[in-house]
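Residues in the sequence shown are numbered consecutively from 54, following the numbering used here.
Have a look at the structure below before the remarks.
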Amino acid sequence: MNLEEIKKILPHREPMLLLDEAWEGGGAYKVKGDEFFLQGHFPGNPVVPGVILCEIMAQSACASLHGKLDGKTPYFTGIDGVRIRNKVVPGDTFKTEVVIKTQKGPFYFIDAKGFVDGKLCISGALSFAVV
Numbered sequence: 054m055n056l057e058e059i060k061k062i063l064p065h066r067e068p069m070l071l072l073d074e075a076w077e078g079g080g081a082y083k084v085k086g087d088e089f090f091l092q093g094h095f096p097g098n099p100v101v102p103g104v105i106l107c108e109i110m111a112q113s114a115c116a117s118l119h120g121k122l123d124g125k126t127p128y129f130t131g132i133d134g135v136r137i138r139n140k141v142v143p144g145d146t147f148k149t150e151v152v153i154k155t156q157k158g159p160f161y162f163i164d165a166k167g168f169v170d171g172k173l174c175i176s177g178a179l180s181f182a183v184v
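The following block contains the structure:
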């Protein structure tokens, strides 16, 4: 999916829409360097915050639910066991792999990983509700 197709699925908009493309089980975001979250994190040495990486992974998972979000909004409900192994910086293309492990009613539980050039940067379990 390209950006316009993603916008038909996700309610997020700039500056919080953090996917450039998505596919079943993943997505990608190119870090440009002018993002709001890099302005103070850290001056002269910008690094994408871990919570933003978690958001990108969650948006990738939600984009995979394209038929189930009609008229509904996905809300984060949990972030568990997240480990950050490598930094993500301007110029990097951050790619995600997301697997929906279980669903209980409106709740979805996913395993997520994020990579730059095939190198694992972050992993963890995320959950969200679609209401």
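Cβ coordinates follow ideal geometry from the N, Cα and C atoms, glycine included.
Cβ contact annotation for Gln156 (same chain, cutoff 8 Å, sequence separation greater than five): Phe162, in chain order. A contact between stretches requires three or more CB pairs, one per stretch, nearer than 8 Å, and the stretch 126-139 fails this requirement with the stretch 85-101. Contact check for Val101 against Val151 fails: the beta carbons are separated by 9 Å or more.
Where Glu108 is concerned, the enclosing alpha helix (DSSP H) starts and stops at Gly103 to Ala116. Between Gly167 and Ala116, the CB-CB gap reaches or exceeds 9 Å. Cβ-Cβ distances below 6 Å link Asp145 to Val84 and Val169 in the same chain, with the five nearest sequence neighbours on each side left out; the list follows chain order.
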